[in-house]
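Chemist:
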Amino acid sequence: MTKPLIALYQPDIPGNTGAILRLGACMGIDIHIIGPPGFDLSDRSLKRAGMDYIEMATLTRHDGWEEFEIWRKVEARRLVLMTTKSATPYIDETGPTLGERDIVLFGRESAGVPEKVHDAADVRLTIPMIEGRRSLNLAMSVAMMAGEITRRFGL
Numbered sequence: 001m002t003k004p005l006i007a008l009y010q011p012d013i014p015g016n017t018g019a020i021l022r023l024g025a026c027m028g029i030d031i032h033i034i035g036p037p038g039f040d041l042s043d044r045s046l047k048r049a050g051m052d053y054i055e056m057a058t059l060t061r062h063d064g065w066e067e068f069e070i071w072r073k074v075e076a077r078r079l080v081l082m083t084t085k086s087a088t089p090y091i092d093e094t095g096p097t098l099g100e101r102d103i104v105l106f107g108r109e110s111a112g113v114p115e116k117v118h119d120a121a122d123v124r125l126t127i128p129m130i131e132g133r134r135s136l137n138l139a140m141s142v143a144m145m146a147g148e149i150t151r152r153f154g155l
């Protein structure tokens, strides 16, 4: 069965990316990294967080946003942006349905995504939080969405 994939826009923290690659390997979710990342992908802390699961992960790297967008359009995939700037919770069953060919995109830990990426998104969703809180850790946010993808599409 096809299911959504997860993309990271220029991730900053190797430990988070390693944990996300490990999560992808364990949950059967493909991970795409849109570069440039804020660290060398051979970083020791990336490997420590991902352990031996990194070799099991399905990882696709894109050198930059433009390359990713060309790939996405050729593949005819919808872009679902996870953002604190949305009022639609990802768990809202009455909102946009997550499709099997969707790309769920997460922004940089330090800055989110630029306006051109917001503008390119077909759907914007958020993780509901108590008012006044800024954001969750990237790896935790991805794990929550990976759980939702698994709930809807299976392993």
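Counting in full-length UniProt numbering, the sequence shown runs from 1 upward without gaps. The C-beta atom is built at its ideal place from N, Cα and C for all residues, glycine as well.
Is residue 149 buried or exposed, if buried means 16 or more other CB atoms sit within 10 Å of its CB?
Modeler: Answer is buried; the Cβ neighbour count reaches 16.
Chemist: Expressed to the nearest angstrom, what Euclidean distance is found between the alpha-carbon atoms of residue 41 and residue 124?
Modeler: Their Cα atoms are separated by approximately 28 Å.
Chemist: Measure how close the beta-carbons of residue 83 and residue 112 come, nearest whole angstrom, since I'm counting them as under 8 Å.
Modeler: Between residue 112 and residue 83 the Cβ distance is about 7 Å, and since that is below 8 Å, they are a contact.
Chemist: Quick check on residue 142: does DSSP put it in helix, strand or coil?
Modeler: Residue 142: helix per DSSP, three-state reduction.
Chemist: Which value, in whole angstroms, describes the spacing of the CA atoms of residue 10 and residue 98?
Modeler: Distance between the alpha carbons of residue 10 and residue 98 is about 23 Å.
Chemist: List the DSSP bridge partners of residue 82.
Modeler: Beta-bridge pairing links residue 82 to 125.
Chemist: According to DSSP, is residue 113 part of a helix, a strand, or is it coil?
Modeler: In this structure, residue 113 counts as coil in the three-state DSSP scheme.
Chemist: Report yes if the C-beta distance between residue 104 and residue 5 is below 9 Å; otherwise report no.
Modeler: Yes, Cβ-Cβ distance for residue 104 and residue 5 is below 9 Å.
Chemist: Report, in whole angstroms, the separation of the C-beta atoms of residue 244 and residue 2, which I expect to be a contact under 8 Å.
Modeler: Only positions 1 to 155 of the chain appear in the structure, and residue 244 is not among them; the question remains open.
Chemist: With C-beta atoms as the reference, is residue 16 less than 9 Å away from residue 138?
Modeler: Their beta carbons are under 9 Å apart, which means residue 16 touches residue 138 by this criterion.
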